[in-house]
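Scroll down for the structure; my scribbles are underneath it.
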Amino acid sequence: MLLVRPSTFSDLAGIERLLDDTDARVTTLPKERDKLSEKISESDDGFRGDTDGEGPSSFLFVLQDTDSNELYGTSGIDAEAGCGYPFFNYRLDEIVHASHHLNISSKVPVLFLSHELTGRTLLRSFTIDPALTKSDGFDLLSRARLMYIAANSDRFHQEVIAEIQGIFDEKGACPFWDAVGRKFFDMDFLTADYYCSMKSKTFMSELIPQHPVYVPLLPPEASATIGQNHPAANRTCQLLYREGFHRSKFIDPFDGGPVLKAQLRYTHTISNIRFKTARPSDVVGGMKYLISNQSNQDFRCVIGTLVDGIGDSIRISLDVADALNVQAGDDIAYSPL
Amino acid sequence: MLLVRPSTFSDLAGIERLLDDTDARVTTLPKERDKLSEKISESDDGFRGDTDGEGPSSFLFVLQDTDSNELYGTSGIDAEAGCGYPFFNYRLDEIVHASHHLNISSKVPVLFLSHELTGRTLLRSFTIDPALTKSDGFDLLSRARLMYIAANSDRFHQEVIAEIQGIFDEKGACPFWDAVGRKFFDMDFLTADYYCSMKSKTFMSELIPQHPVYVPLLPPEASATIGQNHPAANRTCQLLYREGFHRSKFIDPFDGGPVLKAQLRYTHTISNIRFKTARPSDVVGGMKYLISNQSNQDFRCVIGTLVDGIGDSIRISLDVADALNVQAGDDIAYSPL
Amino acid sequence: MAKHSGVGVTSLPDNRQKMAAKLDQALASFEKSLPLTERVYLFALVDESTEELAGICALESSIGHGDVWYNYHVGKSVHASREIGVHKITQTLYLSNDLTGCSEIATLFLMPNFRNNQNGHLLSRSRYLFLAEFPELFGDEIIAEMRGYSDEDGNSPFWESLGRHFFQMEFSDADYLTGLGNKVFIAELMPKFPIHVPMLTAEAQAVIGRVHPQTEPALAMLKSEGFEFNHYIDIFDGGPSVGTKIKNIRAVRESKTYQVGISDQTPAPDFGVKHGLLMVSNRQLGEYRVLLVDQGAAGDDTLWLKPAQAKILHVRAGDTVRAVSLRPKEL
Amino acid sequence: MAKHSGVGVTSLPDNRQKMAAKLDQALASFEKSLPLTERVYLFALVDESTEELAGICALESSIGHGDVWYNYHVGKSVHASREIGVHKITQTLYLSNDLTGCSEIATLFLMPNFRNNQNGHLLSRSRYLFLAEFPELFGDEIIAEMRGYSDEDGNSPFWESLGRHFFQMEFSDADYLTGLGNKVFIAELMPKFPIHVPMLTAEAQAVIGRVHPQTEPALAMLKSEGFEFNHYIDIFDGGPSVGTKIKNIRAVRESKTYQVGISDQTPAPDFGVKHGLLMVSNRQLGEYRVLLVDQGAAGDDTLWLKPAQAKILHVRAGDTVRAVSLRPKEL
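Residue numbers (full-length UniProt numbering), protein chains in the order written: chain A, 1 to 337; chain B, 1 to 337; chain C, 1 to 331; chain D, 1 to 331.
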C-alpha cells in the first residue's frame, strides 16, 4: 500500500536516488546531501511544531510503499511562502497608454515585481517516480498535503499557492529567463535554479531587477511563455485545477511559469473532507477515499475504500488502520478521491 | 410612484436643482449646464446604442415621482470605466523588506498607480434627495442600474465596480489628497475634483505621480483614511455589500476612498432576477420587487408587489404596467427588493 | 555677421507657423519684454554685401517651462551578490525632466551655398560671445541636444526597440509632433517606469548616446568648446544631450574685451586659415552683431577694425568689443 | 609631510579591523599588486621632527566594485498640464549606482592637537598632487561624499523621514553597518522605488544635499578646488556628493613641475600666511611625499629647497618635483 508520511533522516538515500532518477527540476529540493539533510531537519522541526522562533514551518512528505519500503516521491508545504523573506513573483498587469488628442488607446502588459504572495501557504517539492505519474499515487502524494493542512489548519494561510514549472528545454534553455533574469544574474537558468535551492534568498533581493518589465520589450519567444506551464507539469496542473486552483496574475520570476491559487476551504479535498472515529474491521467494497490519521508528528495518509454513512464512526479496513497507525476510537479524516 | 428611467434634456433643470440642493460631491456629474447637457447627450447616445465609434457608452438615469413629475435623484453607469482612457486607481500592496543577516522582516504597504480597473463596468453619478435616503427609493435608484445591465448584459463587463467617497470634511479638506495629489496638482481637493468632472482626463496622465507611494511616508492622518469611506456613503456601502460587492485592493487616487467590486452574475439583483411575460391586472398583496421593462431606449424600473409563481407569465398591477410602459405579453424582469 | 532677423525664414521646411511664433518670441526677448524663462534669442547669418540670409541659429534662455522637457537619464545599476559571486553593471533609463531650467543651444540652419569660409563655425560659435556678454539672461548650465543615430533608411534602432511599442507611430511622426510643440502626447503615451537597458535590442543598446553621422561635426564643435555628454539622451532616438556650465565654455572663458581702434591698416581676414580668425561682438543686446576679423587685429587692449568692419558692428573708436579666437587652439 | 604609513591607526575609533584591512590594501596599492579598481591609497601626515603621526587621508581608485555603491540621484519631475494651467516642478529621488567607477576623496582624520599651521589643508590637498602625478591610476571623475545634516542631538531629519521606516534601526546603527562594509542589508531593506520628495517631511526636504555644520569647512575646501554638487546624495542622511573631473581640479590644473635646486637661502615657510605656501611633491609613487614650502622658493623652472627639505622629500638637485600653491588664489 502507498503511504504518505513525514520524511525522516533515514529517507535521505531514497530521496537522493529519486531525485537522480526523475531528473526533475525541484527548485526547493537540493540534491546535495548536506542541504537535503538540512531540509529534512527543518521539516522535522515543523512536524514537531518546534520552530525555535526561527521563522515559519516547512513540511516534507514522502510517498512510500509499505510492502517494499521503497520511496516513490516527495511533496512539501511551506506554511508561509518566503519563510519570512520576500517571496518574489512577477504580477502581470496592464497599463493603459491613451492619447486624447491623437485618439490612440492601447493596453500595454507590464510585469511588476511583487511580494504579494509572501506568507501564503505554498505547495512545493513535488517529485514522483515517473512510473506512478498516471496512478492514484500521484493524487495521494499531492493531496495528502491538503489532508495534513486540514488536520492542522491553524498553522496555515487560508490561501494556498503552487508554482508550476515554466517553459525550458532539456538543455536548460529558458526563453523567459534568457530575456529577463539572465541579463542581471549573469548566469544560465539551471545555475540560477541551483542557487535557489542551495543559498539563502538574499541574492534574490540583491540581483533581481526592481523596475517593472514592459512585456512588449521582450522577444516574442519569451513573452509567449509568460504564464505557460512546462508540458511535464500538465498532470500537476490538471490535478490542481480539479482541486479548485486557478491561474493567478502571478508568474515565476525565473521561468515565467504560472502560479496557481486556491482558497483552502474551497479546494475539493478540504470542502469534501469528513472527520469520524475509526472502527477498524473487515471492509468490503465502497468508494475510494484519501484517508488520514489526525496526528501532527506522525501524520499518515493512504488511499482506501470506505462506505460513508451517518453517525460518528466509520469502518476502515485493518490494513488501512495499520498503515495509519490508527486504533479503534481514534479520529480519522477522509475525502473522496 | 417612484420611477427610474433614462435622463433626457428636459431633466436638465431638475438635475441642476438636485445637485444644488444635495450639495453632494458627484465627481462624474458637473453642475455646469453645458457640461451636464453634454453628459445627457452622451447618455442618450448610449441608450440608443449609437456611439458613433466614439468610444464606450455612458448611461444616466433619473429617479422621478410619476405623480408630481419631480426628480429625486440620478444614477449612472459607464459601460467601461475610463471610457477608453486610463482609469486611475491606487492599488494597495505590500512589499517585504527583510534582511537575512540582521534578522529583520517587515511588510511595507505601498500604493501602486494602476489602470487595472480600466474597462470594468462602473456604477457612478449617484445622487439622491436626502429625504429619500432611508426609503426604498434609494435601493430602486441604485439597483435599477443592475436591472438595466441584466437586460443588456452583452454591453457590460462581467466585473462591476463602484468608487466610494473617501474622507474629507465640509470645507473640502481631504487628508489623503493633501498628502498625495495636492503636492503635484498644486490645487485643493475640491478644485481637482471639479476639473475631474469638467475636463478631459488628459491632465490626469500629465499630473498624477507615477511612482509607487510608500504608505509609511504619508502623515498618519492621511494613511488612516486609505480605503475609508465618507460617513455620508455608509448607506451606499451597505447597499452594495448586500448586493455582494466587497472591498478591493483599489482606492480612489484623489481621496483614498475604497473601490468596491463584484461579479455581475453574483450580485443579489442579478442572481435573483427572473424574466417573465407581463399580465397587467389587479394585484393584491405579494412581496416587493424591483420590476423593469426590457426596453433598451425606454428602460423603466419601479418597485411593486408581485406574487412570483410557476409559469411564463406574471401579474403586475395596472399602475406598474403603466409606469413601465408595458402591455400584456411584453417581457418584464423582476428581482426581490 | 550675425544679427537678429526674420528674413527668409520661410526657407526652413515644415515649420512656417512655429517659426513665425518663434520670431515674435525672439523679438520680444531681445526687447526684454518676456519673462526671463520664456526668452529665446534668434540669430541670423547675413552676407552684408548682398543682404542675403545665409543661416539662422538660436539660444533658449530656459527650457521646459512651457512644454515639459523630457529626457532619459542614463543611470548605472549594479547587480551584485557576494554570496554567489555576481557583480554586473547594467544601465537603466529613467524618464526625467532634470534639464528643466537649463539654457539651450538650439536650432541651427545654414543654407547649403554658404557652407564654406568658416560660416558654420561663425554661426554656431557666435552664440558663445552672446553668452559671455549676457550671462544674467541664462542659467548656469547650458545644453545641446544632438540628433540620434539612424541608418541610411532613416530607421532609428532606439525608436524601433522602445518608442514604437508605446507610440504606435513612425519615428518621423513622433518627431514631427514634438517639433510642433505638442508634448502632451508624450505624457500620455510614454512609458513611465524606468527601462532596463539590457532588455532593449542589441542595436538599440549600441546607439544610446550616439549621434547621427551627419551630426558628428556639430558634436565635435561642441566638444571642442567644453561640452560633454551629461548622461541624458533623447527619449525618441537615444541621441545624446551634451552640456557644460556657461562659464566653462572655451569661447566664454577665453573671450576678452577690447577698446575699438579704427585703422585702414588692419589686415583682412583670410577665411582659408582656420586658426587665424577672431570673432568680435559689439556687446549690444538690441543690435547684437558678431563679425570675423583677422587675429592680427587684436593688440593688448585694443582691437583694430577697418572702418567698414566698425560700421557693420555698429561701433566707433573708443567703444568696447568682446573678442575670442574662432576656434580653440587645440583644433 | 605626507607619506604612506600605518603608525597610530589604532587611534581612529571603532575601526581597528577595517583599518587593518585598509592598510594592507593600501600597501598593496602603492606596490601596484592589486587590480586597478581595488586600489586605495592611504596617506599619513607626519611631524618629521617628532616622527609623530598627525593625521591620515585616503584616495579610492574606483568605488563600487567590491561593495555596491548607493546614492540617491536627485531628479526633477515636472507636473504640467496646459489644459488646467498647472506647472509644478518637484524633486524625485532615484536609487542609483551611477557613481560606480568614480574615484573618491575618502577618509580624512586629523589629530586635534595638529589642527593648526595649515595642516588640515596640507593633508587634504596633498592628494591633488598625487592625482596630478598619477592620473592613469584613477578614473576621469572623482567624488567626495559629505556628511549630511544632523542636529545637535545627532538626529538626521532625512533619516527620520525616510530610512527609519525601512531599516527599523537608528541612523547611527545603519551608518555603523555601512562603515563595516556590510552593504547587503541595504539591498535587502532599502526602498527600491523612486521617492517623491514632496512626500518627505518639510525638515527632510530642507536638508537634501545639505552638509553637517562641522563639514562646512571641508565642503568649502572642495568647492575651492572645483568640486560641485553632482545631484547625488547619501541614502541615509541626504548629505551631498560633490564631484569634478580630475583634470579640472584647481590644484591639478595649476600644478607645475620644476627642477630641484638646493640652497640654504631658500626662505622658510611662514605657516601664518595663508597664501604664501606651496605644496611640493616628489613625484614618486612608492615613496610619495608632499611638503609645504614658501612660495618664494619657486623660480621659473627651478624650485629651491633647503637641504633638510630635500631630504624629507627624498629628492636631490636636478630631480623634478611637482608644486602648486596650497590654496586657490581667490581664497
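Backbone N, C-alpha and C fix where the C-beta goes; we use that ideal spot for every residue, glycine too.
Since the structure is predicted, the reported quantities are computational estimates derived from the model, not experimental observations.
| query | result |
| --- | --- |
| Since T202(B) meets chain D, which of its residues come closer than 8 Å, beta carbon to beta carbon? | S81 and E83 |
| Taking a Cβ distance cut-off of 8 Å, strictly less, list which residues of the stretch 57–86 of chain B are near chain A, in chain order. | G82, G84, Y85 and P86 |
| Comparing the C-beta of A97(D) with each C-beta of chain C, is any distance below 8 Å? | The question names Ala, but residue 97(D) in the sequence shown is Asn. Chain C, which has a Cβ nearer than 8 Å to the Cβ of N97(D), makes this yes. |
| Should Q297(B) go down as buried or exposed, given a rule of 16 or more other Cβ atoms within 10 Å for buried? | exposed |
| Distance, Cα to Cα, L122(D) vs L137(D)? | 21 Å |
| Please identify the residue among F166(D), P198(D) and H196(D) whose C-alpha is closest to the C-alpha of F185(D). | F166(D) |
| Please classify Q238(A): is it buried, with 16 or more other beta-carbons within 10 angstroms of its beta-carbon, or exposed? | exposed |
| Cβ closer than 8 Å: which chain A residues qualify as neighbours of V184(D)? | T202 and E206 |
| Could you check what DSSP says for residue 357(D) in three-state terms: helix, strand or coil? | Since the displayed chain D opens at 1 and closes at 331, residue 357(D) lies outside it and no answer follows. |
| Answer yes or no: do H115(A) and V96(B) have a C-beta to C-beta separation smaller than 8 Å? | yes |
| Please classify G311(A) as buried or exposed, where buried requires at least 16 neighbouring CB atoms within 10 angstroms. | exposed |
| Where does the unbroken alpha helix (DSSP H) through L179(C) begin, and where does it stop? | Inspection of the sequence shows that residue 179(C) is occupied by Gly rather than by Leu. Taken as a continuous stretch (DSSP letters only), the alpha helix (DSSP H) holding G179(C) covers F171 to G179. |
| Quick one: any contact between the stretch 314–331 of chain C and the stretch 283–291 of chain C, if contact means 3 or more CB pairs under 8 Å? | yes |
| Using a Cβ cut-off of 7 Å, pull out every chain D residue sitting near T266(C), in sequence order please. | The premise fails here: T266(C) is roughly 35 Å from chain D at the closest Cβ pair, so nothing lies under 7 Å. |
| Identify every residue that forms a DSSP beta bridge with G55(D). | L45(D) and L110(D) |
| Using a Cβ-Cβ cut-off of 7 Å (strictly less than) and excluding sequence neighbours within five positions of V86(C), which residues of its own chain qualify? | H79 and A80 |
| I'd like to know whether the C-beta atoms of R145(B) and L123(B) end up nearer to each other than 8 Å. | yes |
| Quick check for students: name the residue ranges of the beta strand (DSSP E) that lie wholly in the stretch 85–166 of chain C, counting only runs of 3 or more. | 86–96, 103–110 and 141–145 |
| Pull out every residue of the stretch 209–223 of chain B whose Cβ sits closer than 7 Å to any Cβ of chain C, in chain order. | Q210 |
| Just verifying my parser: in three-state terms, what is the DSSP assignment at L285(C)? | coil |
| Can you list, in chain order, the residues of its chain whose CB lies under 6 Å from that of Y85(A), leaving out five sequence neighbours each side? | K201 |
| Taking a contact to mean a Cβ-Cβ separation below 8 Å, would you say G148(C) touches S156(C) in this structure? | yes |
| Residues in the same chain with beta-carbon distance under 7 Å from M279(C), minus the five sequence neighbours each way, listed in chain order, please. | L122, R125, S126, L129, V290, L292, A323, V324 and L326 |
| Could you give the C-beta distance for I316(B) and V283(B), rounded to a whole number, given that I count them as a contact under 8 Å? | 6 Å |
| Could one say the Cβ of P194(D) lies closer than 8 Å to chain B's Cβ atoms, at least one of them? | yes |
| Taking only the alpha-carbon atoms, compute the straight-line gap between L3(B) and K31(B) and give it to the nearest angstrom. | 23 Å |
| So with CB distances below 8 Å, who are the chain B contacts of Q168(D)? | I104 and S106 |
| Report buried or exposed for G190(C), applying the criterion of at least 16 other Cβ atoms within 10 angstroms of its Cβ. | For clarity, residue 190(C) is Met in the given sequence; the question names Gly instead. Buried. |
| Roughly how many angstroms separate the alpha carbons of R242(A) and H211(A), rounded to a whole number? | 35 Å |
| Can we say the stretch 221–228 of chain A touches the stretch 168–179 of chain A, given the rule of at least three CB pairs closer than 8 Å? | yes |
| Are the beta-carbon atoms belonging to L111(A) and R91(A) less than 8 Å from one another? | yes |
| With a cut-off of 8 Å, do at least 3 Cβ pairs link the stretch 48–59 of chain C to the stretch 104–118 of chain C? | yes |
| Going along chain D, which residues have a C-beta under 7 Å from Y195(B)? | I84 |
| In angstroms with no decimal places, state the Cα-to-Cα distance between N230(C) and A106(C). | 17 Å |
| Any idea if D34(B) is buried or exposed, counting beta-carbon neighbours within 10 angstroms, 16 or more meaning buried? | exposed |
| Give the interface partners of H165(D) over in chain B, defined as CB-CB distance under 8 Å, in chain order. | V108, Y214, P216 and L217 |
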